[in-house]
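In our numbering, the protein residues as written are 1 to 394.
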């Protein structure tokens, strides 16, 4: 199964004739070794299939097992009550999730269920779809097939909007994805979805729940470990309710302060904070890596303050010998934080592009002042050109 399989109709074709269910019951009965009654309604049909899911998958060919479930999914599409559909879908998903035998087939059948719901707008409401999606993610992670879904995770934000998921379902979805990536050792992707989870608490008038403080601290530490990634992705972490909640917390306050320094401070601020060692709550943070990142970010800050920066100023700000200045400028350029050239004769760094680490009122005012200056200069040039033309014409 590939990521595309979750957005297209299943390739398994079932001829839905009036006898299809009876033939299915016969196949299941022969597989389990007993005669089974024809189900009276959809609920009974689901109960029969979920009871014998393991036997059917183990005792029949992949195509027969997949086809039987396609018949069930066809009937499921006729259910118009979202609450009933969600319950039945949950039962089917749990049954398929219950064993790792023929895991590729089980994951494919789950994908077929997802596709059946997506294809039918009558039953495919977001709350029903998310049950299957969570089951697919959990099962793929548990059976080592998560890589098959990687391209699909990029669609989750748009699906959340399209399905109009409530906050509870959003939080469950993002937290589950983050946990799956973490279990696979994929820290950067886990951090991405952990921050998506925390961002769902950015609701006006809603205070951040104390029960999630440890999760907020985990997200903040993840950002501390990879501040360049967060900076380039333009995450306004200090503006998130989850992160703000850490600020005055007795236990987690130092985490907030270090994140603040990495977001807006310079190396000297970090050295003052870390004097004597990092607090115990930051035991998982690599102090040497923090120093490395702070030098890069301090160079970025210098670039927003000056168009030309003397080597000596860079050396003092980064607390390195002048001989290492060019290496750190190159490192900052390589990290895509600035574009610059170095005048080795004049011993200055010439900044051609930089990105503000924060862009709030002060930066808007500075930009406004710079635009006003450009406007004045352009007007002066135009006036000079006009006067020259008049002189030439006279």
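Ideal placement from N, C-alpha and C gives every residue a C-beta, glycine not left out.
- Message: By the three-class DSSP mapping on this structure, what secondary structure does residue 187 have?
- Response: Counting from one through the chain shown, the residue named residue 187 turns up at place 187. Helix, per DSSP.
- Message: On the DSSP letters alone, give me the boundaries of the beta strand (DSSP E) that residue 340 sits inside.
- Response: Position 340 of the chain shown, counted from the start, is the residue given in the question as residue 340. It spans 338-343 - the beta strand (DSSP E) in which residue 340 sits, taken as one unbroken run.
- Message: Comparing C-alpha positions only, which one of 246, 301 and 382 sits nearest to residue 231?
- Response: Indexing the chain shown from 1 puts residue 231 at position 231. For residue 231, the nearest C-alpha among the options comes from 301.
- Message: Does residue 295 pass the burial test, meaning 16 or more other C-beta atoms within 10 Å, or should it be called exposed?
- Response: On the chain shown, position 295 is the one that residue 295 refers to. Flag for residue 295 reads buried.
- Item | residue 117 (DSSP reduced to helix, strand or coil) | By 1-based counting over the chain shown, the position of residue 117 is 117. Helix, per DSSP.
- Would you report the Cα separation of residue 281 and residue 171, rounded to the nearest angstrom? Locating residue 281 in the chain shown gives position 281, where the first residue counts as 1. Locating residue 171 in the chain shown gives position 171, where the first residue counts as 1. So the alpha carbons of these two residues sit roughly 26 Å apart.
- Message: Just to confirm my understanding: we take residue 195, look at its own chain, exclude 5 residues before and 5 after, and list those with CB closer than 7 Å. What are they?
- Response: For this step, residue 195 is matched to residue 195 along the chain shown. Cβ neighbours of residue 195 beyond the five flanking positions: 219 and 235.
- Item | Residue interval of the alpha helix (DSSP H) (run including residue 244) | Walking along the chain shown from the start, residue 244 turns up at place 244. Start and end: 241-244.
- Item | For residue 254, the first and last residue of its enclosing alpha helix (DSSP H) | Here residue 254 is taken as the residue at index 254 of the chain shown, counted from 1. That run of the alpha helix (DSSP H) goes 253-264.
- Task: Please name the residue, chosen from 357, 330 and 356, that lies closest to residue 350 on a Cα-to-Cα basis.
- Result: Start at 1 with the first residue of the chain shown, and residue 350 comes out as number 350. Nearest option by C-alpha distance: 330.
- Query: residue 143 and residue 95 look like a contact to me (Cβ under 8 Å); what is the Cβ gap, rounded to whole Å?
  - Reply: The residue you call residue 143 lines up with position 143 of the chain shown. The residue you call residue 95 lines up with position 95 of the chain shown. Wrong, their Cβ atoms sit about 15 Å apart, outside the cutoff.
- Per-residue burial, residue 352 [other beta carbons within 10 Å of its own, 16 or more giving buried]: The residue given as residue 352 occupies position 352 in the chain shown. By the neighbour-count rule (16 or more Cβ atoms within 10 Å), residue 352 is not buried but exposed.
- Residues near residue 247 in its chain [Cβ-Cβ closer than 7 Å; skip 5 each side]: Numbered from 1 along the chain shown, position 247 holds the residue referred to as residue 247. So the qualifying residues of the chain are 253 and 256.
- Message: Tell me the rounded alpha-carbon separation between residue 152 and residue 290.
- Response: As a working note, residue 152 is residue 152 in the chain shown. As a working note, residue 290 is residue 290 in the chain shown. Rounded to the nearest angstrom, the two C-alpha atoms are 33 Å apart.
- Task: Would you mind stating whether residue 173 and residue 156 have Cβ atoms separated by less than 8 Å?
- Result: As a first step, residue 173 is located in the chain shown; it is residue number 173 there, counting from the start. As a first step, residue 156 is located in the chain shown; it is residue number 156 there, counting from the start. Cβ atoms of residue 173 and residue 156: closer than 8 Å.
- Can you tell me whether DSSP reads residue 203 as helix, strand or coil? Taking the first residue of the chain shown as position 1, residue 203 is located at position 203. Residue 203: coil per DSSP, three-state reduction.
- Message: Within a Cβ cutoff of 8 Å, which residues of the same chain sit near residue 364, ignoring the five residues on either side of it in sequence?
- Response: Mapped onto the chain shown, residue 364 falls at position 364. A caution first: residue 364 carries a pLDDT of 49, below 50, which makes its placement in the model unreliable, though a value can still be read off. Cβ within range, chain order: n/a, list empty.
- Message: What ranges does the alpha helix (DSSP H) occupy inside the segment 296-348, keeping only unbroken runs of at least 4 residues that lie completely in it?
- Response: 311-318 and 325-334
- Could you tell me the distance, in whole angstroms, from the CA atom of residue 251 to the CA atom of residue 225? One-based indexing of the chain shown puts residue 251 at position 251. One-based indexing of the chain shown puts residue 225 at position 225. The straight-line gap from Cα to Cα measures roughly 19 Å.
- Can you name the start and end residues of the alpha helix (DSSP H) that residue 82 belongs to? Taking the chain shown and counting its residues from 1, one reaches residue 82 at position 82. Its alpha helix (DSSP H) spans residues 82-97.
- Closest by CA to residue 227, which one among 286, 39 and 385? Position 227 of the chain shown, counted from the start, is the residue given in the question as residue 227. The option with the nearest alpha carbon to residue 227 is 286.
- Task: Can you give me the Cβ contacts of residue 175 inside the same chain, cut-off strictly under 6 Å, excluding the 5 residues immediately before and after it?
- Result: For the purposes of this step, residue 175 is taken as residue 175 along the chain shown, with counting starting at 1. Taken in chain order, the residues that qualify are 197.
- Query: What residues are listed by DSSP as bridge partners for residue 350?
  - Reply: Residue numbering aside, residue 350 sits at position 350 when the chain shown is read from its first letter. Residue 350 is bridged to 308 and 341.
- Which residue's Cα is closest to the Cα of residue 324: 165, 335 and 344? Locating residue 324 in the chain shown gives position 324, where the first residue counts as 1. It is 344.
- Query: Near residue 39, which residues of its chain fall below 7 Å by C-beta distance, leaving aside the five closest residues on each side in sequence?
  - Reply: Counting from 1 along the chain shown, the entry for residue 39 is found at position 39. Cβ neighbours of residue 39 beyond the five flanking positions: 45 and 48.
- Please list, in chain order, all residues of the same chain as residue 293 whose beta carbon is under 8 Å from its beta carbon, the five residues on each side excluded. On the chain shown, position 293 is the one that residue 293 refers to. Closer than 8 Å at Cβ, skipping near neighbours: 227, 228 and 262.
- Can you give the Cα-Cα distance for residue 71 and residue 145, rounded to whole angstroms? Your numbering for residue 71 matches position 71 in the chain shown. Your numbering for residue 145 matches position 145 in the chain shown. So the two alpha carbons sit approximately 26 Å from each other.
- Message: Tell me whether the segment 57-70 and the segment 99-117 touch, counting them as touching only if at least three CB pairs, one residue from each stretch, are closer than 8 Å.
- Response: yes
- Item | Distance CB(residue 267)-CB(residue 223) smaller than 8 Å | Numbered from 1 along the chain shown, position 267 holds the residue referred to as residue 267. Numbered from 1 along the chain shown, position 223 holds the residue referred to as residue 223. No, they are not a contact pair.
- Query: Going along the chain, which residues of its own chain have a beta-carbon closer than 6 Å to the beta-carbon of residue 241, five neighbours each way excluded?
  - Reply: Position 241 of the chain shown, counted from the first residue, corresponds to residue 241. So the qualifying residues of the chain are 201, 202 and 208.
- Task: Using 10 angstroms around the beta-carbon of residue 164, count the other beta-carbons present and answer buried if the total reaches 16, otherwise exposed.
- Result: Taking the chain shown and counting its residues from 1, one reaches residue 164 at position 164. Looking at its Cβ environment, which holds fewer than 16 other Cβ atoms inside 10 Å, residue 164 is exposed.
- Query: How far does the alpha helix (DSSP H) with residue 138 in it reach, from first residue to last?
  - Reply: Counting from one through the chain shown, the residue named residue 138 turns up at place 138. Run containing residue 138: 126-142, per the alpha helix (DSSP H) assignment.
- Query: Taking the alpha carbon of residue 97 as the point to measure from, which residue in 25, 188 and 134 has its own alpha carbon closest?
  - Reply: Counting from one through the chain shown, the residue named residue 97 turns up at place 97. Minimum Cα distance to residue 97 is reached at 134.
- Message: To test your reading of the DSSP string, which unbroken alpha helix (DSSP H) runs of 4 or more residues are found completely within the segment 22-78?
- Response: 42-51, 53-59 and 62-76
- Cβ pair residue 131, residue 89 closer than 8 Å: Stepping through the chain shown from its first residue, residue 131 is reached at position 131. Stepping through the chain shown from its first residue, residue 89 is reached at position 89. Contact: yes.
- Item | Proximity of residue 100 and residue 57 at Cβ, strictly below 8 Å | Numbered from its first residue, the chain shown carries residue 100 at position 100. Numbered from its first residue, the chain shown carries residue 57 at position 57. Contact: no.
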